[in-house]
Amino acid sequence: MTAHATQANASFAGRKLIGRAIKDSFIKLRPGIQAKNPVMLLVYISAILTTALWVVSFFGIQDAPSGYTLAIAVILWFTSLFANFAEAIAEGRGKAQADSLRASRRDVEAKKIPSAGQKEQITVVPSATLKKGDVVLVKAGEQIPADGDVIEGAASVDESAITGESAPVIRESGGDRSAVTGGTTVLSDWIVVQVTSEAGESFLDKMIAMVEGAARKKTPNEIALQIFLVALSIIFILVTLSLYAYSAFSAKQAGVANPTSVTTLVALLVCLAPTTIGALLSAIGIAGMSRLNSANVLAMSGRAIEAAGDVDILLLDKTGTITLGNRQASEFIPVDGASEQELADAAQLSSLADETPEGRSVVILAKEKFGIRERHLSQSGMEFIPFTAKTRMSGVNFGGNEIRKGAADAMKDYVQAAGGVYSEKCAAVVKNISSQGGTPLVVAKNHKILGVVHLKDIIKQGVREKFADLRKMGIKTIMITGDNPMTAAAIAAEAGVDDFLAEATPEGKLRMIRDFQAKGHLVAMTGDGTNDAPALAQADVAVAMNTGTQAAKEAGNMVDLDSSPTKLIDVVRIGKQLLMTRGSLTTFSIANDVAKYFAIIPALFMGLYPGLGALNIMGLHSPMSAVLSAIIYNALIIIALIPLALRGVKYRELPAGKLLSRNLLIYGLGGLAAPFVFIKLIDMLLVLLGLA
Numbered sequence: 000m001t002a003h004a005t006q007a008n009a010s011f012a013g014r015k016l017i018g019r020a021i022k023d024s025f026i027k028l029r030p031g032i033q034a035k036n037p038v039m040l041l042v043y044i045s046a047i048l049t050t051a052l053w054v055v056s057f058f059g060i061q062d063a064p065s066g067y068t069l070a071i072a073v074i075l076w077f078t079s080l081f082a083n084f085a086e087a088i089a090e091g092r093g094k095a096q097a098d099s100l101r102a103s104r105r106d107v108e109a110k111k112i113p114s115a116g117q118k119e120q121i122t123v124v125p126s127a128t129l130k131k132g133d134v135v136l137v138k139a140g141e142q143i144p145a146d147g148d149v150i151e152g153a154a155s156v157d158e159s160a161i162t163g164e165s166a167p168v169i170r171e172s173g174g175d176r177s178a179v180t181g182g183t184t185v186l187s188d189w190i191v192v193q194v195t196s197e198a199g200e201s202f203l204d205k206m207i208a209m210v211e212g213a214a215r216k217k218t219p220n221e222i223a224l225q226i227f228l229v230a231l232s233i234i235f236i237l238v239t240l241s242l243y244a245y246s247a248f249s250a251k252q253a254g255v256a257n258p259t260s261v262t263t264l265v266a267l268l269v270c271l272a273p274t275t276i277g278a279l280l281s282a283i284g285i286a287g288m289s290r291l292n293s294a295n296v297l298a299m300s301g302r303a304i305e306a307a308g309d310v311d312i313l314l315l316d317k318t319g320t321i322t323l324g325n326r327q328a329s330e331f332i333p334v335d336g337a338s339e340q341e342l343a344d345a346a347q348l349s350s351l352a353d354e355t356p357e358g359r360s361v362v363i364l365a366k367e368k369f370g371i372r373e374r375h376l377s378q379s380g381m382e383f384i385p386f387t388a389k390t391r392m393s394g395v396n397f398g399g400n401e402i403r404k405g406a407a408d409a410m411k412d413y414v415q416a417a418g419g420v421y422s423e424k425c426a427a428v429v430k431n432i433s434s435q436g437g438t439p440l441v442v443a444k445n446h447k448i449l450g451v452v453h454l455k456d457i458i459k460q461g462v463r464e465k466f467a468d469l470r471k472m473g474i475k476t477i478m479i480t481g482d483n484p485m486t487a488a489a490i491a492a493e494a495g496v497d498d499f500l501a502e503a504t505p506e507g508k509l510r511m512i513r514d515f516q517a518k519g520h521l522v523a524m525t526g527d528g529t530n531d532a533p534a535l536a537q538a539d540v541a542v543a544m545n546t547g548t549q550a551a552k553e554a555g556n557m558v559d560l561d562s563s564p565t566k567l568i569d570v571v572r573i574g575k576q577l578l579m580t581r582g583s584l585t586t587f588s589i590a591n592d593v594a595k596y597f598a599i600i601p602a603l604f605m606g607l608y609p610g611l612g613a614l615n616i617m618g619l620h621s622p623m624s625a626v627l628s629a630i631i632y633n634a635l636i637i638i639a640l641i642p643l644a645l646r647g648v649k650y651r652e653l654p655a656g657k658l659l660s661r662n663l664l665i666y667g668l669g670g671l672a673a674p675f676v677f678i679k680l681i682d683m684l685l686v687l688l689g690l691a
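In terms of numbering that gives the first Met the number 0, the sequence shown has 483 at position 484, counting the first letter as 1, and numbering is strictly consecutive.
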């Protein structure tokens, strides 16, 4: 597809999204929907009231000039629509993602079998009829009919419908890569799957409900903020009523007509109420969840995202998160008179049949350092000795030579049993490598030790800097590993984590999380195995890998579709950005209200109290133009802030105190200044057009 065609498709999708949002904005004008947002309900009632005042003005009951009342009513209706549009455009992103997920899901025929050992007794049934516990056979080219665990076989699976990643993954029985998702496709071989979800409750069903917002509930922080906004609105209702009563009394005492109409006071109330954040609050929460979905993380609740923003303890698995996950040969260390090239040659020969990443790295290192080219496995006379858990060594018999490599203690027993020597120098090298956090691999030829290959856990590029950024934010990082304390300490020091848990067990992880929580900390962790489930269930933010077991996914409150252990750092960043965005726009909204109060009140009442003219620093044309300008600004600022609410305030790795000061400066002062500037500009435009 050409760049022009891609751009055209994106433009069409954007227009479709906006079209749907505009339609939904009118649908959301239903009273039942408006009642869910008390602040915007106030605007909704005000729009109805001013519309009614305009209608009755035709019957001689005139509260204010008919055209003025109509203008206020129209602007208030637009204010309600703009608030609905903010929420609808945020929901629209999720609905678009949900539509693509629905398109990928279809009812397929499932090959149901009695059990794993009875693959010949196939009963073809619709996938919608499958129940939890049923067993199905899935072959190459077939779609997996339901969520489940692989209980027999291994296959390459295309999960692009769920993750967006085109590269196939291996799913096999046993271990932590046994979970499969309904709607994904088997590309090779076959697997037997035991269904783990009822119809309509699959992972895809839950994902669709979450991304389109149907399952989104207000978080405790959101509810608390809404209560605060309602309290502010009630205060402003009392202030407005007091202003009306006082102006009516003062006008009567002065023997003049009351300059404030009900229409004007309703408009003033809407301007003073925190409508900006009230209109955008829901959109901010939905957009935060949408950003998480864009990172291929499915949150089971909005509360989990907020908790991620407050996290101050991060538990990170060493393998795959801090290190690359595969130990690699980094050095050949000869002993007892052997040369480094002789050691490299023997190590490469013994690794030719070793398809593990460690074995391949030995072959590559020998080739890079000494130009030793790989021999062909078909070369005559080669007898490969495979690695076993019992011997803990592997090797090759070739050209009358017996070459072995393996764990230090196993190799010591091997050479000593044949009358060979395991020298003090070799023991010292092994100890030194272990103290550095590496793995020593001893190599022997004809029962004589040639030296040691240093297998090193490779620290991922940039993780040290990431941990430094997290430290700036007040987040403590703890590495979890099954390594011994000496190895764990060396890797932790190199990676720059704050602490580590060595020889980690499920009980140890759970105990550590509970200890931190008892001290008032919020803890986040990742996991993929059944043994991680207890700790995931206990953690405040628990990101389960999609490739992991069903138990892990059920225990977590988030699922990482990419199964990347480093995603936890991104989750924390998105959570903090959500809280920053909500806090920043709340600050802006309240500062706006303060500014609008001082912009409107002097212009509104200087006819009754001429002394207030000195406070009319904006020089607004008339009380009517002041109110119209303020209420137009009040509506337009909602539209202007929608992109920021959806995109989120720019995230920076700074301590909470500095972030607060920075946001108060930018959004507090910005919120105070913006109304003075734009209300004056709108006032000038209204006068220029002869509308005020």
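Backbone N, C-alpha and C fix where the C-beta goes; we use that ideal spot for every residue, glycine too.
Note that the coordinates shown come from a computational prediction; the quantities given were computed from them, not determined experimentally.
With a threshold of 8 Å, are at least 3 pairs of Cβ atoms found where one atom belongs to the segment 665-677 and the other to the segment 585-594? Judged by Cβ distances under 8 Å, the segment 665-677 makes contact with the segment 585-594, as three or more pairs qualify.
Residue interval of the beta strand (DSSP E) (run including G461): To locate residue 461, count along the sequence shown from 1; it is residue 462. Annotation: G461 is outside any beta strand (DSSP E) and is labelled neither H nor E by DSSP.
Report the rounded CA-to-CA distance for T275 versus P37, giving the unit in angstroms. Sequence index remark: in the sequence shown, residue 275 carries index 276 (1-based). Sequence index remark: in the sequence shown, residue 37 carries index 38 (1-based). Taking C-alpha positions only, T275 is separated from P37 by approximately 13 Å.
Going along the chain, which unbroken runs of the beta strand (DSSP E) with 3 or more residues stay wholly within the segment 522-562? Whole beta strand (DSSP E) segments, 3+ residues: 522-526, 540-544 and 557-559.
Proximal residues to I190 (C-beta, below 6 Å), its chain only, five neighbours per side dropped: Indexing the sequence shown from 1 puts residue 190 at position 191. The answer, listed in chain order, is V137, V149, G152 and A154.
Cβ neighbours of S260 in the same chain (closer than 7 Å, five flanking residues each side left out): The residue labelled residue 260 in the question sits at position 261 within the sequence shown. Excluding five sequence positions before and after S260, the CB atoms of its chain that fall closer than 7 Å to its own CB belong to D62 and A63, given in chain order.
Between the segment 327-346 and the segment 439-454, are three or more C-beta pairs nearer than 8 Å? The segment 327-346, when compared against the segment 439-454, does touch it at the 8 Å Cβ threshold.
With a cut-off of 8 Å on the beta carbons, I'd call V540 and L314 a contact; round off their distance for me. Mapped onto the sequence shown, residue 540 falls at position 541. Mapped onto the sequence shown, residue 314 falls at position 315. Cβ atoms of V540 and L314 stay farther apart than 8 Å, at about 10 Å.
To the nearest angstrom, how far is it from the Cα of A625 to the Cα of V42? Start at 1 with the first residue of the sequence shown, and residue 625 comes out as number 626. Start at 1 with the first residue of the sequence shown, and residue 42 comes out as number 43. A625 and V42: Cα-Cα distance of roughly 19 Å.
Using three-state DSSP, classify A386 as helix, strand or coil. Here residue 386 is taken as the residue at index 387 of the sequence shown, counted from 1. First, the amino acid is wrong: residue 386 is Phe here, not Ala. Under the three-state reduction of DSSP output, F386 falls in the coil class, being neither helix nor strand.
Among T480, T525, I512 and A489, the one whose alpha carbon lies nearest that of A503: Position 504 of the sequence shown holds residue 503. The residue with the shortest Cα to Cα distance from A503 is T480.
Contact check, G526 vs I490, beta carbons under 8 Å: Here residue 526 refers to the residue found at position 527 when the sequence shown is read from its first residue. Here residue 490 refers to the residue found at position 491 when the sequence shown is read from its first residue. Taking 8 Å as the Cβ cut-off, G526 and I490 do not qualify as a contacting pair.
Sequence ranges, alpha helix (DSSP H) only - wholly within the segment 18-93, length at least 4: Unbroken alpha helix (DSSP H) runs of no fewer than 4 residues, entirely contained in the segment 18-93, are found at 30-33 and 37-55, following chain order.
In angstroms, rounded to a whole number, what distance separates the CA positions of A109 and A543? Reading the sequence shown from its first residue, position 110 is the one you call residue 109. Reading the sequence shown from its first residue, position 544 is the one you call residue 543. Whole-angstrom Cα-Cα distance: 28 Å.
Specify, as a first and last residue, the run of the beta strand (DSSP E) that L314 falls within. On the sequence shown, residue 314 is found 315 positions in, with the first residue counted as 1. It spans I312 to D316 - the beta strand (DSSP E) in which L314 sits, taken as one unbroken run.
Exposed unless 16 or more other CB atoms sit within 10 angstroms - verdict on D694: Here the chain covers residues 0 to 691 and nothing more, so residue 694 does not appear.
Entirely within the segment 261-345 and at least 4 residues each: give me those alpha helix (DSSP H) ranges in chain order. If we require 4 residues or more, the alpha helix (DSSP H) runs fully inside the segment 261-345 come out as 261-271, 274-293 and 301-309.
Just grab the DSSP bridge partners of N400 for me. Taking the first residue of the sequence shown as position 1, residue 400 is located at position 401. Note: N400 sits in a beta bridge opposite F397.
Does the distance from the C-beta atom of A487 to that of M478 stay below 8 Å? Stepping through the sequence shown from its first residue, residue 487 is reached at position 488. Stepping through the sequence shown from its first residue, residue 478 is reached at position 479. Yes.
Contact the segment 289-308 vs the segment 413-428: 3+ CB pairs below 8 Å: The answer is no - the segment 413-428 does not touch the segment 289-308, with fewer than three Cβ pairs under 8 Å.
Please report the residue range of the beta strand (DSSP E) in which E108 lies. The residue you call residue 108 lines up with position 109 of the sequence shown. Counting along the chain, E108 sits inside the beta strand (DSSP E) bounded by residues E108 to I112.
Would you call the CB atoms of A417 and R463 closer than 8 Å? Here residue 417 corresponds to residue number 418 of the sequence shown, with the count starting at 1. Here residue 463 corresponds to residue number 464 of the sequence shown, with the count starting at 1. Against a cut-off of 8 Å, the Cβ pair of R463 and A417 comes out as no contact.
Short Cβ contact (8 Å threshold) for Y632 with F677: Residue 632 sits at position 633 when you count from the first residue of the sequence shown. Residue 677 sits at position 678 when you count from the first residue of the sequence shown. A contact, by the Cβ cut-off of 8 Å.
Determine the closest residue to A139 out of V185, E339, A634 and A244, with distance taken between C-alpha atoms. Walking along the sequence shown from the start, residue 139 turns up at place 140. Closest option to A139, Cα to Cα, is V185.
Starting from A154, trace the alpha helix (DSSP H) both ways and give me its first and last residue. The residue you call residue 154 lines up with position 155 of the sequence shown. Not the alpha helix (DSSP H): A154 falls in the beta strand (DSSP E), residues G147 to D157.
Does DSSP put A2 in a helix, a strand or coil? Here residue 2 is taken as the residue at index 3 of the sequence shown, counted from 1. Any reading at A2 must be qualified, since the residue scores a pLDDT of 43, below 50, and its modelled position is unreliable; no value is offered.
Assigned secondary structure, I477 (DSSP; H/G/I helix, E/B strand, else coil): Mapped onto the sequence shown, residue 477 falls at position 478. DSSP places I477 within a strand segment (E or B) once states are collapsed to three.
Would you call the segment 300-314 and the segment 660-669 in contact, with 3 or more CB pairs under 8 Å? Touching, no, given that fewer than three Cβ pairs across the two stretches are closer than 8 Å.
Going by Cα to Cα distance, which pick from I332, Q225, L16 and E354 is closest to S393? Position 394 of the sequence shown, counted from the start, is the residue given in the question as residue 393. Of the candidates I332, Q225, L16 and E354, the one whose C-alpha sits nearest the C-alpha of S393 is E354.
Report all residues from its chain with a CB closer than 8 Å to the CB of R359; omit the five preceding and five following residues, and keep chain order. Locating residue 359 in the sequence shown gives position 360, where the first residue counts as 1. Result list for R359: S350 and D353, in chain order.
Could you check where the beta strand (DSSP E) with S232 kicks off and where it finishes? Your numbering for residue 232 matches position 233 in the sequence shown. Not the beta strand (DSSP E): S232 falls in the alpha helix (DSSP H), residues P219 to A253.
Where the beta strand (DSSP E) containing K679 begins and where it ends: Within the sequence shown, residue 679 is the residue found at index 680, counting from 1. Segment L668 to L687 is the alpha helix (DSSP H) holding K679; no beta strand (DSSP E) there.
For the beta strand (DSSP E) that contains A443, what are its first and last residues? Translated into the one-based positions of the sequence shown, residue 443 becomes position 444. Residues T438 to K444.
From the DSSP output, in three-state form, read off L663 for me. Here the question's residue 663 lines up with position 664 in the sequence shown. Helix.
Can you list, in chain order, the stretches of the alpha helix (DSSP H) that have 4 or more residues and sit fully within the segment 597-648? Runs found: 622-646.
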